[in-house]
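In what follows, a single structure is set out as structure tokens and then discussed.
There are 2 protein chains.
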Amino acid sequence: MKKTKDLWPYLIMLAKLGALTKEIDISTSRFAREFSEGATISQQTASRKLNELEEQKWIIKRPSIKGQYIRITQSGEQELEKIRDLLADAFMIRDKIIDIQGELFTGMGEGGHYISLEKYYTQFVEKLAFKKVFAGTLNLKLKNRRDMEKRRLLQDKTTQGIRIDGFKDATRTYGPVTCFKATINNKIEGAVLVIQRTSWKEDVLEIISPHNLREQLGLKDGDLVSVRVFLE
Amino acid sequence: MKKTKDLWPYLIMLAKLGALTKEIDISTSRFAREFSEGATISQQTASRKLNELEEQKWIIKRPSIKGQYIRITQSGEQELEKIRDLLADAFMIRDKIIDIQGELFTGMGEGGHYISLEKYYTQFVEKLAFKKVFAGTLNLKLKNRRDMEKRRLLQDKTTQGIRIDGFKDATRTYGPVTCFKATINNKIEGAVLVIQRTSWKEDVLEIISPHNLREQLGLKDGDLVSVRVFLE
DNA sequence: ATTACTAGCATCCGAGTAG
DNA sequence: TCTACTCGGATGCTAGTAA
């Protein structure tokens, strides 16, 4: 099997030249020049690499008058997205910041119920250094794969979050919760709730805050909300 | 000169393994396995690649009990940022969306003055399909290199924007302006102004809107504001 | 277990060049 | 001009192995 990773730099350069959006018209020698910075590659190598990229089905090409038209295919685009996400993940871990967007919707109110339980409430206030906790959570529906991956990353990083202990009462057990400090729409402080239990919804992000977020940010269902989550 | 791009995939993989944030402890054979998916590389190749990465000064390594500690250097980090930005640019062009953040500050009021000129005002209303234009611009100060690069991209993409013609009156000439539709803090519509003239401030983004943004978004100087610019 | 050397084979590169 | 072939030299690869 071919070592596909060797082709990454060439694919990236084609993307930079705009081959993601449209067919670009380029000759092998010009591509060789565009690709090179400091070190150079030859026209022949450029030609061969373009053929290999086509074999991989990451690009399609057809002859033009002064070179060839090249366009990145869907599968080439997916490969680029993979690389982009790889890098984005690495930088998120470095910066300890994850930006997630979701669409506001109205949940079934369990969130608000749990917050009101004193054993949870006092922990939220103390451990998050909130003056109070507004009675109700903000539920965001994540709309794409990428945001769900970030959501999953939070689920996996619970060691870094703020731990809210579970407890028992006469009738049932209440599990532990991990919180991450966050700012909502760049502006208002809050925290993301990550519940450790076997089933959690990968496309839902639940947020609490000392403030009435819906009111203070003028939000209504269906609005897009940005959350910047701080990993520690 | 060495063909540094060949090393990109290896550097990216090390970043994915966390070597941006901390020294990671990994053996050459484990790295070979982690790196491979489908196609495989040998322990020997992994060893050599790590040495080449060190020669490039993109990583530093030192022996550990069960392998070696590896950490990406500043210059390796810069290289990764370069790749990340390359990809981000390509996807921005594809999606025709640019997200920029900046800090709100109070300008000198010229913006508001120009808007009030009837020859501009009527064009804003018609071409942007705004009901009216609020008398005053929102000035954002861009805080990092990357946002400034995006700002520059707008300046270069004026062909795709909405053109507001210039005009003359008795005393002076008023130049043309290009506008891009935008949403501010995910919520309120507006437009970014790009003024074609020899001097423009690369770290300032000027925004108009039908609405009083400061009031409706509850903004004050120093607040971080997110702008999503639509290239067409 | 490691890393990383050497040897020898495989692959890749670019100059030359055909079409 | 262009692409892309051949071919000899350079480089890269892995197996074997030393430390």
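Chain order of the listed sequences is H and F. Numbering-wise, the first sequence is residues 183 to 414 according to my numbering. Numbering-wise, the second sequence is residues 183 to 414 according to my numbering. Yeah, the Cβ is synthetic: ideal placement off N, Cα and C, and Gly gets one too.
Among all the DSSP beta bridges, which residues are the ones paired with residue i?
i, result
"residue 250 of chain F", "F:208 and F:245"
"residue 282 of chain H", "H:409"
"residue 321 of chain H", "H:287 and H:388"
"residue 364 of chain H", "H:372 and H:411"
"residue 158 of chain F", "Absent from the structure is residue 158 of chain F, since the part of chain F shown begins at 183 and ends at 414."
"residue 355 of chain H", "H:350"
"residue 345 of chain H", "H:360"
"residue 377 of chain H", "H:359"
"residue 219 of chain H", "H:221"
Does any residue of chain H have a CB that is nearer than 8 angstroms to the CB of residue i?
i, result
"residue 312 of chain F", "no"
"residue 190 of chain F", "yes"
"residue 407 of chain F", "yes"
"residue 228 of chain F", "no"
"residue 282 of chain F", "no"
What in chain H is Cβ-close to residue i, meaning under 7 angstroms?
i, result
"residue 268 of chain F", "194 and 198"
Which residues of chain F have a Cβ atom closer than 7 angstroms to the Cβ of residue i, listed in chain order?
i, result
"residue 203 of chain H", "275 and 276"
"residue 186 of chain H", "221"
"residue 367 of chain H", "367 and 368"
Is residue i near residue j, with beta carbons less than 8 angstroms apart?
i, j, result
"residue 355 of chain H", "residue 343 of chain H", "no"
"residue 280 of chain H", "residue 324 of chain H", "no"
"residue 432 of chain F", "residue 240 of chain F", "This structure cannot speak to residue 432 of chain F, because chain F is shown only from 183 to 414."
"residue 182 of chain H", "residue 394 of chain H", "For residue 182 of chain H there is no data in the structure shown, the boundaries of chain H being 183 and 414."
"residue 278 of chain H", "residue 371 of chain H", "no"
"residue 225 of chain F", "residue 211 of chain F", "yes"
"residue 238 of chain F", "residue 189 of chain F", "yes"
"residue 399 of chain H", "residue 367 of chain H", "yes"
"residue 286 of chain H", "residue 407 of chain H", "yes"
"residue 364 of chain F", "residue 389 of chain F", "yes"
"residue 375 of chain H", "residue 340 of chain H", "no"
"residue 199 of chain H", "residue 219 of chain H", "no"
"residue 288 of chain F", "residue 405 of chain F", "no"
"residue 214 of chain F", "residue 197 of chain F", "no"
Counting only beta-carbon atoms, is residue i nearer than 8 angstroms to chain F?
i, result
"residue 394 of chain H", "no"
"residue 241 of chain H", "no"
"residue 265 of chain H", "yes"
Quick one: which chain H residues come within Cβ less than 9 angstroms of residue i?
i, result
"residue 262 of chain F", "269, 272 and 273"
- Message: For the region 259-270 of chain H against the region 258-278 of chain F, do three or more pairs of beta-carbon atoms, one drawn from each stretch, fall closer than 8 angstroms, so that the two count as touching?
- Response: yes
- Should the region 279-298 of chain F be regarded as contacting the region 199-214 of chain H, the criterion being three or more beta carbon pairs within less than 8 angstroms? no
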